[in-house]
Amino acid sequence: MRRLLWGISIGLLFAFGVQAKESALVEWQGSFKQGALLIGHLTSDEVVSIRTSKRTLIINGERSFGLGLGRDFGPTLDLIFKMKDGREVARQYSVEAREYKIQKVEGVPQRTVTPDPEHLKRIRAEAAKVRKARANSGDMSHYMESFIWPAKGLISGVYGSQRFYNGEPRRPHFGLDIAAPEGSPVIAPASGVVVLAEKDLFFSGGTVVIDHGHGISSSFLHMSKLDVKVGQSIKQGEKVGEIGSTGRATGAHLDWRMNWFDQRVDPRLLMKESVPPKK
Numbered sequence: 001m002r003r004l005l006w007g008i009s010i011g012l013l014f015a016f017g018v019q020a021k022e023s024a025l026v027e028w029q030g031s032f033k034q035g036a037l038l039i040g041h042l043t044s045d046e047v048v049s050i051r052t053s054k055r056t057l058i059i060n061g062e063r064s065f066g067l068g069l070g071r072d073f074g075p076t077l078d079l080i081f082k083m084k085d086g087r088e089v090a091r092q093y094s095v096e097a098r099e100y101k102i103q104k105v106e107g108v109p110q111r112t113v114t115p116d117p118e119h120l121k122r123i124r125a126e127a128a129k130v131r132k133a134r135a136n137s138g139d140m141s142h143y144m145e146s147f148i149w150p151a152k153g154l155i156s157g158v159y160g161s162q163r164f165y166n167g168e169p170r171r172p173h174f175g176l177d178i179a180a181p182e183g184s185p186v187i188a189p190a191s192g193v194v195v196l197a198e199k200d201l202f203f204s205g206g207t208v209v210i211d212h213g214h215g216i217s218s219s220f221l222h223m224s225k226l227d228v229k230v231g232q233s234i235k236q237g238e239k240v241g242e243i244g245s246t247g248r249a250t251g252a253h254l255d256w257r258m259n260w261f262d263q264r265v266d267p268r269l270l271m272k273e274s275v276p277p278k279k
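Per full-length UniProt numbering, residue 1 is the first one in the sequence shown, and the count goes up by one each step.
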């Protein structure tokens, strides 16, 4: 009997030891909440790949990776870790739900609220072009940098808010609006490569998308001037363009958006300071 109990004890210790070891596969930077961009740092050399239900994650040379949780993501994130010995270890993480504001915007050009049929073809083509740009997955890890604010000014619109334009409900707002005088500089919040630079998109006007690596990108909307071109490498802090009111806008501001592939994330959650510098 004593030998049996000893064997059971050893078995339980072994099982719990394996579980404890595997539970520490990743150290996370960021919060598991809707809109978050998470940075994972693998703590085990045994992991060879990680996948979600939709894609295999890209692990860089420093054994780190990015992962975005969109506006309505959840209630859980499920990951499968493949180990060197062929085993697959499942992990499930709870994702905190957020409450979003309602924002009513008046004075928007009505043609951008209810576009004419002849504009719809253009809108669809431009949307496909932007999606393609955001699907880029450059082999770089600039997203590991500490992001800086791309503009100075006042926050005039927040991520996730349900938008009403001229009293009509439309899609949620997926960016962070920074109001500033027209012509104010827009700088790169992190290094990367320019994958889209368009002066006059129907909804977003002057638009730039920067690939920070591994599916993580920044988009800058409504700009009056673009100082970059597609394929150009840009360093953190370098000028991207100037703030404007092009596209569907009522005044000069920068709409800063961030994506992890098709997951739209909240730029504000990446910042050390909750508001940008005013001057």
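Cβ coordinates follow ideal geometry from the N, Cα and C atoms, glycine included.
Coil, strand or helix - residue i by DSSP
| i | result |
| --- | --- |
| residue 283 | No answer is possible for residue 283: it lies beyond the span of the chain, which begins at 1 and ends at 279. |
| K33 | strand |
| E106 | coil |
| P117 | helix |
| H142 | helix |
| K278 | coil |
| residue 280 | Examination of residue 280 is not possible in this model, given that the chain is present from 1 through 279 alone. |
| L201 | strand |
| T52 | coil |
| T112 | helix |
| K21 | Confidence in K21 is poor, its pLDDT being 45 and thus under 50, which makes the residue's placement too unreliable to answer from. |
Cβ-based neighbour list, residue i, same chain, cut-off 7 angstroms, excluding 5 preceding and 5 following
| i | result |
| --- | --- |
| M271 | F147 and W149 |
| L67 | L38, G40, L57 and W260 |
| V158 | K101 and L176 |
| S224 | E182, G183, G206, E242, I243, G244 and T246 |
| K279 | K152 |
| H142 | A190, S191, G192, H212 and G213 |
DSSP bridge partner residues for residue i (one or two, in chain order)
| i | result |
| --- | --- |
| V186 | G241 |
| S94 | T76 |
| E168 | Y165 |
| W256 | L176 and F220 |
| H41 | E27 and S64 |
| V265 | M258 |
| G213 | I216 |
| residue 328 | One cannot answer for residue 328 here, as it falls past the ends of the chain, which runs 1 to 279. |
| I155 | I178 |
| E88 | K82 |
Rounded straight-line distance, which links the Cα of residue j to that of residue i
| i | j | result |
| --- | --- | --- |
| G213 | E145 | 11 angstroms |
| A127 | P169 | 20 angstroms |
| D211 | F203 | 21 angstroms |
| R55 | D262 | 11 angstroms |
| K21 | E88 | Confidence at K21 is low in this model, with a pLDDT of 45, below 50, so its placement is unreliable and the value that follows should be read with caution. Each residue's alpha carbon lies about 14 angstroms from the other. |
| F81 | P109 | 49 angstroms |
| K229 | G138 | 17 angstroms |
| Y93 | G86 | 23 angstroms |
| D72 | A97 | 8 angstroms |
6 angstroms CB neighbourhood of residue i in its chain, flanking five on each side removed
| i | result |
| --- | --- |
| A36 | G30, L69 and L269 |
| V265 | G35, L37, G68 and M258 |
| R134 | S217 and N259 |
| K104 | F164 |
Contact belief for residue i with residue j at Cβ below 8 angstroms, rounded distance in angstroms
| i | j | result |
| --- | --- | --- |
| V194 | I234 | 6 angstroms |
| E27 | T52 | No, E27 and T52 are not in contact; Cβ-Cβ is about 18 angstroms, not under 8 angstroms. |
| I187 | E238 | 6 angstroms |
| T250 | G160 | Actually they do not touch by this definition, with Cβ atoms about 20 angstroms apart. |
| V208 | V240 | 5 angstroms |
Close Cβ partners of residue i (< 8 angstroms) along its chain, the five nearest in sequence each way excluded
| i | result |
| --- | --- |
| S274 | R268 |
Chain D contact for residue i (CB, 8 angstroms cutoff)
| i | result |
| --- | --- |
| Y93 | Annotation note: the requested chain D is absent from the structure, which comprises a single protein chain. |
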